[in-house]
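Student: Pasting a structure here, questions to come.
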Amino acid sequence: MVTFSMLLFWIPVCIGVISFFYFTKRSRKAIILVLSFLPSAFFIIKIIKHTFYQSLSALNFYVVGLFLSLILFIVVLRYLYKNY
Numbered sequence: 076m077v078t079f080s081m082l083l084f085w086i087p088v089c090i091g092v093i094s095f096f097y098f099t100k101r102s103r104k105a106i107i108l109v110l111s112f113l114p115s116a117f118f119i120i121k122i123i124k125h126t127f128y129q130s131l132s133a134l135n136f137y138v139v140g141l142f143l144s145l146i147l148f149i150v151v152l153r154y155l156y157k158n159y
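Shown next as structure tokens:
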């Protein structure tokens, strides 16, 4: 059941990533946005793969990391759209 739910998550994510790279121009701005989102994607994957027998402090670390990486992404996004 867990594998099925992970497939239900990963199939749309893969389709979204592929369509993002297919429909966007390869510009400096797009590359910076993708690179600034990679830490968020890393922490999202870590949170999804977290199981009940792992420590709660690890989950808290992942949630704080996700929060900080999303703040980084928002700052980069605001910077790029104010300068372009």
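For the sequence shown, our numbering begins at 76 and goes up steadily by one. Cβ atoms here follow ideal geometry from the backbone N, Cα and C, with glycine treated the same way.
#1: List the endpoints of the continuous alpha helix (DSSP H) containing Arg-153.
#2: When you compare the stretch 125-138 with the stretch 104-113, are there three or more beta-carbon pairs, one atom per stretch, that lie closer than 8 Å?
#3: For the pair the stretch 114-133 and the stretch 141-156, tell me if three or more CB-CB distances fall below 8 Å.
#4: Let's see if you can read the secondary structure: which residues bound the alpha helix (DSSP H) around Phe-118?
#5: What do you reckon, are the CB atoms on Ile-123 and Phe-95 nearer than 8 Å?
Tutor: Answer, in terms of the structure:
#1: Indexing the sequence shown from 1 puts residue 153 at position 78. Unbroken alpha helix (DSSP H) run through Arg-153: 131-158.
#2: Contact between the stretch 125-138 and the stretch 104-113 is absent: fewer than 3 CB-CB pairs across the two stretches fall below 8 Å.
#3: The stretch 114-133, when compared against the stretch 141-156, does touch it at the 8 Å Cβ threshold.
#4: Against the sequence shown, residue 118 aligns to sequence position 43. Per DSSP, Phe-118 belongs to the alpha helix (DSSP H) from 103-124.
#5: Counting from 1 along the sequence shown, the entry for residue 123 is found at position 48. Counting from 1 along the sequence shown, the entry for residue 95 is found at position 20. Against a cut-off of 8 Å, the Cβ pair of Phe-95 and Ile-123 comes out as no contact.
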